[in-house]
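Chains as they are written, first to last, in the working numbering: chain E, 410 to 652; chain Y, 166 to 897. The C-beta atom is built at its ideal place from N, Cα and C for all residues, glycine as well. All remarks here apply to the structure that follows.
If you want it as structure tokens, here you go:
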């Protein structure tokens with residue numbers, strides 16, 4: 410099988426009774442290996458919930474999530490954590506790095522937490538690919554926002570995960586820096602065969618992906634292959650929530 | 166994980182400074198109390214007067230009783246007497262007949278013009294030798310020691326100095342009389358205070374007298390040192406226990422605050438793939454490292470604090486100068502261990518929530534702390550409340566100061582513990598009330614009200630140490646005034662004309678009772694049952710209850726000097742605080758009370774010194790928490806500046822927030838103190854109304870407010886000095 414992530418009839422409901430809010434409704438989707446997927450949708454459409462459920466950060470109310478062939482439902486927090494650090498990498502919007510650790514230490518943090526001996530050559534290779542060679546000893550506070558996101562990407566790659574999840578990874582960056590980070594993600598997919606799933610609300614960011622999934626009201630309402638910024642923007646406008 | 170913890174510590178020095186300071190103070194206090202306690206348990210007073218005597222026979226200074234422990238086993242319990250037990254002079258002749266004894270010397274001891282008087286017969290016990298002049302040979306001749314400024318031929322009262330010794334004792338001035346004159350002055354006809362035996366041999370058992378050799382001699386020579394030593398055990402224990410409880414409260418609070426401040430970082434660790442256990446290990450590891458360093462340094466500082474405390478106690482007369490502090494590694498190790506254990510437990514407790522949380526929740530919660538308290542915390546708070554109520558009820562039934570004092574502190578502390586556990590609930594309720602007047606303010610008041618409402622947990626974390634400080638200070642101060650005023654009121658109401666009053670303590674069984682005797686019957690003791698007979702015993706209502714006696718009953722007691730007497734109760738009186746538990750016939754007590762050498766220790770002042778340290782600790786904790794809480798808000802304050810709030814408005818907002826916290830803490834702290842003091846007063850004086858000095862109270866609240874404002878404004882000014890744009894851009 411070539412699906413890295415598979416969600417089947419996944420629903421997520423917050424709250425109970427009258428105040429219950431369904432963030433995801435019976436979502437079924439497969440993410441193929443080596444693909445770059447963007448998840449788009451207006452705010453409140455369930456993008457973040459989708460990401461959290463797919464990444465094992467949160468447990469769905471019903472349905473099944475399989476990550477690299479492993480069923481996540483029924484797993485305890487400890488197993489989930491161990492699975493995440495072996496198979497999943499994360500890049501968040503902000504506050505990605507531990508400020509007391511330098512670049513090298515931040516990148517190898519998941520390995521250290523897992524008690525795995527770091528592969529020095531691999532880490533050096535990653536730092537080179539993200540363009541941070543020679544900055545291994547810098548502290549996060551000495552880096553620009555774009556460089557910090559590069560460190561986060563390097564960290565996400567350090568464990569050779571099956572899939573890297575990004576939650577608005579360029580949300581806090583200016584246009585130029587964002588483009589660099591997106592190019593880097595694209596390159597990771599194209600040259601290293603890494604699978605990347607990214608939540609975004611930016612049509613330009615989505616245009617770097619192979620496939621765009623459109624979420625609205627907790628459901629996948631559309632998919633688009635070979636997206637361009639204009640096409641994505643048009644589709645979003647059609648969804649009625651383009652701001 | 167440990168190396169990561171170390172890196173984290175190095176990087177966030179400022180964040181751990183608060184925890185460090187709290188732990189440092191806790192270690193210092195525990196170590197100082199430990200030194201007092203150890204001195205109480207193992208302290209030695211070296212003999213001075215009997216330095217040249219291998220074996221001293223003197224009275225048994227203890228009341229002994231065999232207690233049945235219930236399971237067939239028995240245990241001998243001993244309690245010290247208040248005065249010296251004199252021994253029959255006839256023992257001298259008996260001791261002389263013991264095989265192997267070469268020489269036997271009797272000694273009498275009595276106070277004389279601030280010095281200690283003896284007969285020349287006992288000069289050889291030290292030994293004293295004549296340097297100038299000669300030994301006394303008539304009733305009006307005396308010999309003074311080398312330290313005295315007198316020379317042979319000079320007069321001292323009715324006596325003429327005929328000689329000066331070559332020696333002087335370190336902690337007492339000595340005057341020698343002619344042997345017969347000394348016996349006359351000492352009173353205690355047919356008895357002596359001690360007998361020296363040369364050389365040390367095995368002696369047959371004697372009634373009420375014991376043989377003392379080596380280190381045993383010092384405590385018998387210095388009875389007040391021995392009493393001070395026993396007092397140190399209870400004082401050191403009570404002080405140490407109280408400071409340990411305060412320390413736990415403060416350290417848990419400080420750690421909770423510092424972990425709350427780093428919640429985002431911890432959440433990131435969780436998301437990046439640290440298991441809950443790893444996060445707990447990290448936090449526990451940081452706590453271990455901080456507490457090890459703070460505990461070690463604090464314990465060393467505590468040694469200095471111990472010496473300072475001793476100096477104060479000596480100055481106040483609560484501890485004789487010749488009782489030296491025992492310096493050993495034990496208190497240091499105990500302080501270090503207690504600090505590390507408290508910190509580790511505090512960190513694990515605070516980390517529980519963070520570590521168990523799902524990473525997503527954590528990422529969300531870091532920005533907006535949830536207002537709901539976990540049910541387990543509410544349950545714990547209710548248990549604490551129940552404990553506080555129980556202790557208050559127990560306290561209101563305690564009528565003996567020795568039992569009441571420690572329970573008072575424990576009661577106040579338990580209420581504060583309950584407050585700290587339920588703090589966020591209290592803070593939320595208080596904010597709801599304060600919201601109304603605050604919103605009348607235009608800018609700063611409005612902002613302060615919003616900020617207080619949004620973060621009741623932070624408010625609670627600064628209110629608790631403030632309430633602790635106010636509650637502890639009021640309790641400590643007003644327990645003393647309540648007792649003093651009640652005793653004074655009784656004394657004023659009961660004294661019709663001045664008379665000489667003898668004060669001592671006696672033991673009924675092993676229990677200690679304060680006893681007095683008035684020379685002339687000019688006191689109105691407030692008789693509530695029976696009729697006062699000067700030749701019989703009168704007991705206070707409290708003592709009557711403890712002894713379960715009524716007029717007509719007999720009471721057998723051991724007087725201060727060990728003499729057993731049996732007296733009939735003639736009356737029960739109400740003014741026991743002023744006139745003691747028992748009122749004895751004057752001639753009887755006069756005969757058996759040693760005229761005290763040296764001044765009576767000022768009990769209230771000793772308590773102020775000891776408890777003052779705890780007050781100081783709570784003050785430090787309060788300032789510490791506020792400073793921590795203010796400096797972590799740099800981003801928020803910078804943001805306010807960026808949207809157009811002036812520096813002055815920000816400071817005003819912070820000041821209003823702090824004053825609101827002071828107000829809540831004052832209400833909570835005063836309520837706790839009042840409840841505790843009422844219960845204490847009800848038990849001790851019979852009235853539920855404690856005496857509170859309004860000016861002192863106002864000063865306590867004012868001090869809290871001033872300290873709190875200073876602890877807010879100083880860090881806030883430092884934070885506001887940075888350019889707001891930089892502060893916002895930086896990560897917290």
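The straight-line gap separating the alpha-carbon atoms of residue 581 of chain Y and residue 881 of chain Y is approximately 28 Å.
Chain-ordered listing is empty here: chain E has no CB closer than 7 Å to the CB of residue 399 of chain Y, the nearest sitting near 47 Å.
Looking at the DSSP output, residue 231 of chain Y bridges to Y/241. For residue 214 of chain Y, the secondary structure class from DSSP, reduced to helix, strand or coil, is coil. Within the region 410-478 of chain Y, the runs of alpha helix (DSSP H) at least 4 residues long that lie entirely inside it are, in chain order, 428-437. If you ignore the 5 residues before and after residue 665 of chain Y, its C-beta comes within less than 7 Å of the C-beta of 684, all in its own chain and listed in chain order.
Assignment of alpha helix (DSSP H) within the region 752-805 of chain Y, counting only whole runs of 4 or more residues, yields 768-796 in chain order. DSSP, reduced to helix, strand and coil, places residue 496 of chain Y within a helical segment of the structure shown. In the three-state reduction of the DSSP assignment, residue 655 of chain Y falls in the helix class, which pools H, G and I. Comparing alpha-carbon positions, the option among Y/238, Y/316 and Y/433 lying closest to residue 564 of chain E turns out to be Y/433.
Between residue 591 of chain Y and residue 515 of chain Y, the beta carbon gap of about 19 Å keeps them out of contact (Cβ cut-off 8 Å). According to the DSSP assignment, residue 515 of chain E belongs to no beta strand (DSSP E) but to the alpha helix (DSSP H) extending over 512-523. CA-to-CA, the gap between residue 348 of chain Y and residue 354 of chain Y works out to about 8 Å. Within the region 407-441 of chain Y, those residues whose Cβ lies closer than 8 Å to any Cβ of chain E are, in chain order, 429, 430, 433, 434, 435, 436, 437, 438, 439, 440 and 441. Residue 360 of chain Y is a Cβ neighbour of residue 257 of chain Y, given a cutoff of 8 Å. According to the DSSP assignment, residue 461 of chain E belongs to the alpha helix (DSSP H) that extends over 456-463. At a C-beta separation below 8 Å, residue 539 of chain Y has no neighbours in chain E, since its nearest C-beta there lies roughly 17 Å away. From the listed residues E/541, E/471, E/531 and E/572, the smallest Cα separation to residue 555 of chain E is found for E/541. Scanning Y/553, Y/769, Y/583 and Y/309 for the CA closest to the CA of residue 324 of chain Y turns up Y/309. The beta-carbon separation of residue 392 of chain Y and residue 774 of chain Y, rounded to 18 Å, does not stay under the 8 Å limit for a contact.
DSSP places residue 299 of chain Y in no alpha helix (DSSP H); its state is neither H nor E. When the Cα atoms are used, residue 531 of chain E and residue 590 of chain E turn out to be separated by approximately 20 Å.
Residue contact check for residue 491 of chain E against chain Y: a CB pair falls below 8 Å. The secondary-structure analysis by DSSP pairs residue 277 of chain Y across a beta bridge with Y/280. Close partners of residue 524 of chain Y in chain E (Cβ separation under 7 Å): 466.
The three-state secondary structure of residue 670 of chain Y, taken from DSSP, is strand. Cβ contact annotation for residue 795 of chain Y (same chain, cutoff 6 Å, sequence separation greater than five): 877, 880 and 881, in chain order. Taking 8 Å as the cut-off, the beta carbon of residue 247 of chain Y is found no closer than this to the beta carbon of residue 705 of chain Y. As a beta-bridge residue in DSSP terms, residue 342 of chain Y pairs with Y/284 and Y/307. Within the region 577-589 of chain E, no residue has a Cβ lying closer than 7 Å to any Cβ of chain Y. Note that the region 380-390 of chain Y does not touch the region 192-201 of chain Y; fewer than 3 beta-carbon pairs, one per stretch, sit closer than 8 Å. Taken through DSSP and simplified to helix, strand or coil, residue 600 of chain Y comes out as helix. Taking a C-beta distance under 8 Å as the contact criterion, residue 548 of chain E and residue 511 of chain E qualify as a contact pair. The C-beta distance from residue 467 of chain E to residue 439 of chain E rounds to 19 Å, too long to fall under 8 Å, and the pair is not in contact. Nearest neighbour of residue 207 of chain Y by Cα position, chosen from Y/638, Y/495 and Y/351, turns out to be Y/495.
Residue 570 of chain E and residue 489 of chain E have their alpha carbons spaced roughly 14 Å apart.
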